[in-house]
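Below is one structure, written out as structure tokens; comments come after it.
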Amino acid sequence: MISEIINRLHSELPATVKLVAVSKFHPFESIEEAYRAGQRIFAESRPQELLAKVRRLEEIRIERGEADYMSDIQWHFIGHLQTNKLKMVLPFVSLVQSVDSKRLLDAVNSWGAANDKKINVLLEPHVAAEESKQGFSPEEITEILSAADSYENVIFCGIMGMATFT
């Protein structure tokens, strides 16, 4: 069933659109099925779950003796990221879609500098009516992007907004 959905979506989307499959709460076997159907980008919202799936993939590679099994998979992080969880996420993801504070942005930049890695990020503006949602004001985004050169280990790729769930 997963492969049917992936195949249908890929056939309906323009070639310039990249489908991100949200794999949170799904077992690794579902990721493998989607991968076999051509899906390459998977998103997780919990650091522990992302790390468990990355480790499971490594176990499978060792078990099969196939170091390149699913080697072109890309992980995105889509949840609220706490600064104390960076080491569980940043080594493995190709994009952090949810940078929602200056404190987090500074921590991501520092982690990147300490680990000689540039981190692709999306800034998250606060677009929801809910106070529980995080995010930057338009002025904060302008201020950050005006100082983008000072974030030597961050690559700003765009914005991502979480609307009110109504």
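Position one of the sequence shown corresponds to residue -3 (the working numbering), numbered consecutively onward.
The C-beta atom is built at its ideal place from N, Cα and C for all residues, glycine as well.
Please read these numbers as outputs of a predicted model, since none were measured by experiment.
Check this for me: beta carbons of residue 70 and residue 99, under 8 Å apart or not? Here residue 70 refers to the residue found at position 74 when the sequence shown is read from its first residue. Here residue 99 refers to the residue found at position 103 when the sequence shown is read from its first residue. Contact: no.
Length at least 4, wholly inside the stretch 18 to 85: the alpha helix (DSSP H) runs in chain order: 24 to 32, 43 to 60, 82 to 85
Is it true that the CB of residue 6 sits closer than 8 Å to the CB of residue 15? Locating residue 15 in the sequence shown gives position 19, counting from the first residue. Locating residue 6 in the sequence shown gives position 10, counting from the first residue. Yes. Within cutoff.
Option nearest residue 19 by Cα separation, candidates 49, 10, 149, 13: Locating residue 19 in the sequence shown gives position 23, where the first residue counts as 1. Among 49, 10, 149, 13, the Cα nearest to that of residue 19 is on 49.
Measure the beta-carbon distance from residue 84 to residue 53 and round it to whole angstroms, keeping in mind my assumption that it falls under 8 Å. The residue labelled residue 84 in the question sits at position 88 within the sequence shown. The residue labelled residue 53 in the question sits at position 57 within the sequence shown. Rounded, the Cβ-Cβ distance is 15 Å, inconsistent with contact.
Comparing alpha-carbon positions, which option in 101, 91, 112, 142 lies nearest residue 153? As a first step, residue 153 must be located in the sequence shown, where it is residue number 157. For residue 153, the nearest C-alpha among the options comes from 91.
For a quick check, are the C-beta atoms of residue 140 and residue 118 less than 8 Å apart? Position 144 of the sequence shown, counted from the first residue, corresponds to residue 140. Position 122 of the sequence shown, counted from the first residue, corresponds to residue 118. Contact: no.
Looking only at its own chain, which residues have a Cβ that is under 8 Å from the Cβ of residue 72, when we skip the five neighbours before and after it? Here residue 72 refers to the residue found at position 76 when the sequence shown is read from its first residue. If we look at residue 72 and ignore the five residues flanking it on each side, its Cβ neighbours are 16, 37, 38, 39, 40, 89, 90, 91, 92, 93.
According to DSSP, residue 87 sits in a beta bridge with which residue or residues? In the sequence shown, counting from the first residue as 1, residue 87 sits at position 91. Per DSSP, none; premise fails for residue 87.
Hey, how far is the Cα of residue 104 from the Cα of residue 114? As a position in the sequence shown, residue 104 is number 108, starting the count at 1. As a position in the sequence shown, residue 114 is number 118, starting the count at 1. So the two alpha carbons sit approximately 9 Å from each other.
Tell whether a beta-carbon distance below 8 Å holds between residue 121 and residue 155. Locating residue 121 in the sequence shown gives position 125, where the first residue counts as 1. Locating residue 155 in the sequence shown gives position 159, where the first residue counts as 1. In contact: residue 121 and residue 155 (Cβ atoms closer than 8 Å).
Alpha carbons only, please: which of 142, 74, 109, 137 is nearest the one belonging to residue 164? As displayed, the chain neither begins before -3 nor continues past 162, which places residue 164 out of reach and without an answer.
When you compare only the Cα positions, how much space is there between residue 31 and residue 144? Here residue 31 refers to the residue found at position 35 of the sequence shown. Here residue 144 refers to the residue found at position 148 of the sequence shown. Pairing residue 31 with residue 144, the inter-Cα distance amounts to about 35 Å.
For residue 116 and residue 75, I'd like the C-alpha separation in whole angstroms. Here residue 116 is taken as the residue at index 120 of the sequence shown, counted from 1. Here residue 75 is taken as the residue at index 79 of the sequence shown, counted from 1. When rounded, the distance between both Cα atoms is 15 Å.
Local Cβ density within 10 Å of residue 131, reported as buried at 16 or more and exposed below that: Numbered from 1 along the sequence shown, position 135 holds the residue referred to as residue 131. Buried, by the Cβ-count rule.
Taking only beta-carbon atoms, is residue 136 less than 8 Å away from chain C? Looking at the structure shown, chain C is missing, and only one protein chain is on hand.
What is the DSSP secondary structure of residue 118, reduced to helix, strand or coil? Here residue 118 corresponds to residue number 122 of the sequence shown, with the count starting at 1. Residue 118 falls in the strand class under three-state DSSP.
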